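Trainee: 1 is the number of the first residue of the sequence shown in the UniProt record's numbering; add one for each residue after it.
One structure is given below, represented as structure tokens, and several questions about it will come after.
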Amino acid sequence: MAGLSIGMKRRETTHREGKHSRVDIVKKVTVEIWASNLTLDLFKADCLIAAWDVETGKQVYSRRVADLDLLANQSTEIISLPVPATPGNENRTVVAAYLCQESGAPVARHVNWPEPFKHLHLQKPSQLRVELDVDGEAVQISAEVSVKGLAVDCTDESVRFDDNLVDIVPGESMRIGVRGASKETVLTTQYLGMMT
Numbered sequence: 001m002a003g004l005s006i007g008m009k010r011r012e013t014t015h016r017e018g019k020h021s022r023v024d025i026v027k028k029v030t031v032e033i034w035a036s037n038l039t040l041d042l043f044k045a046d047c048l049i050a051a052w053d054v055e056t057g058k059q060v061y062s063r064r065v066a067d068l069d070l071l072a073n074q075s076t077e078i079i080s081l082p083v084p085a086t087p088g089n090e091n092r093t094v095v096a097a098y099l100c101q102e103s104g105a106p107v108a109r110h111v112n113w114p115e116p117f118k119h120l121h122l123q124k125p126s127q128l129r130v131e132l133d134v135d136g137e138a139v140q141i142s143a144e145v146s147v148k149g150l151a152v153d154c155t156d157e158s159v160r161f162d163d164n165l166v167d168i169v170p171g172e173s174m175r176i177g178v179r180g181a182s183k184e185t186v187l188t189t190q191y192l193g194m195m196t
């Protein structure tokens, strides 16, 4: 288990505007973000929060929560905020949170998707990039739209990936460690919504 991690929960609440009517229902969708430090040392960090529209791929929100003290062996609540979207479009906004060192290097990430997935209009990436590094020790992945559950595969059973089924957001390049790959290794991908 990772010593440092970040988590997120999407919470939807509804309430009636008037106490005598069931017509004016107000829906509020928030995300709660927290970090866990399972090490025995204090960790100073920043949290970068960003959001994208699933259908357009455009970034709709970006915010940095700076100077967090993650105490040893416990979880720390970072922030609770409304899902950054125009009212009524909360169900098509992907929110990502990154736990970063003071230098800016990310140490943990979490991508939160609206559910259920069957109601999402996922876009097919036209610029999905999955490339093996020159040294053959990692795969670099990026796309111009948000991609849910990207799985990298290979017909060679001796090739092993450190991680798989990752969520990709625009503007981010993910690195997945790999062992047993060579320049001749052919990589294939699958992701949610690929066949529709």
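Ideal Cβ placement from N, Cα and C applies to all residues, glycine included.
If you're wondering where the values come from, they're calculated on a predicted model, not measured in any experiment.
Using the beta-carbon count (16 or more within 10 Å), is VAL145 buried or exposed?
Mentor: For the purposes of this step, residue 145 is identified with residue 145 of the sequence shown, where counting begins at 1. Answer is buried; the Cβ neighbour count reaches 16.
Trainee: Who are the near neighbours of TRP34 in its chain, counting only those whose CB is closer than 7 Å to its CB and skipping five residues on each side?
Mentor: Start at 1 with the first residue of the sequence shown, and residue 34 comes out as number 34. Here the set comprises GLY7, SER75, THR76, GLU77, ILE78.
Trainee: Give the list of continuous beta strand (DSSP E) stretches no shorter than 3 residues that lie fully inside the region 16 to 52.
Mentor: 25 to 37
Trainee: For a quick check, are the C-beta atoms of ARG22 and GLU55 less than 7 Å apart?
Mentor: Position 22 of the sequence shown holds residue 22. Position 55 of the sequence shown holds residue 55. Not in contact: ARG22 and GLU55 (Cβ atoms no closer than 7 Å).
Trainee: Go ahead and label ILE25 buried or exposed: buried means 16 or more other beta carbons lie within 10 angstroms of its beta carbon, across all protein chains shown.
Mentor: Position 25 of the sequence shown, counted from the start, is the residue given in the question as residue 25. Result: exposed.
Trainee: Terminal residues of the continuous beta strand (DSSP E) containing LEU150?
Mentor: Translated into the one-based positions of the sequence shown, residue 150 becomes position 150. 147 to 154 is the extent of the beta strand (DSSP E) around LEU150.
Trainee: Please say whether LEU70 and ALA45 have beta carbons closer to each other than 7 Å?
Mentor: For the purposes of this step, residue 45 is taken as the residue at position 45 of the sequence shown. For the purposes of this step, residue 70 is taken as the residue at position 70 of the sequence shown. For ALA45 and LEU70, yes; Cβs fall inside 7 Å.
Trainee: Between LYS9 and VAL31, which are expected to be in contact by the criterion C-beta below 8 Å, what is the C-beta distance as a whole number of angstroms?
Mentor: For the purposes of this step, residue 9 is taken as the residue at position 9 of the sequence shown. For the purposes of this step, residue 31 is taken as the residue at position 31 of the sequence shown. About 7 Å separates the two Cβ atoms, so the contact holds.
Trainee: Quick one: residues in its chain with C-beta nearer than 8 Å to the C-beta of VAL159, no 5 flanking neighbours on either side, listed in chain order?
Mentor: By 1-based counting over the sequence shown, the position of residue 159 is 159. Excluding residues within five positions, the ones whose Cβ falls inside 8 Å are VAL178, ARG179, GLY180, ALA181, THR185.
Trainee: Below 7 Å between beta carbons: does that hold for LEU4 and ALA108?
Mentor: Walking along the sequence shown from the start, residue 4 turns up at place 4. Walking along the sequence shown from the start, residue 108 turns up at place 108. In contact: LEU4 and ALA108 (Cβ atoms closer than 7 Å).
Trainee: From LEU192 to ILE168, what distance separates their C-alpha atoms?
Mentor: Counted from its first residue, the sequence shown places residue 192 at position 192. Counted from its first residue, the sequence shown places residue 168 at position 168. Near 11 Å, if we compare the C-alpha coordinates of ILE168 and LEU192.
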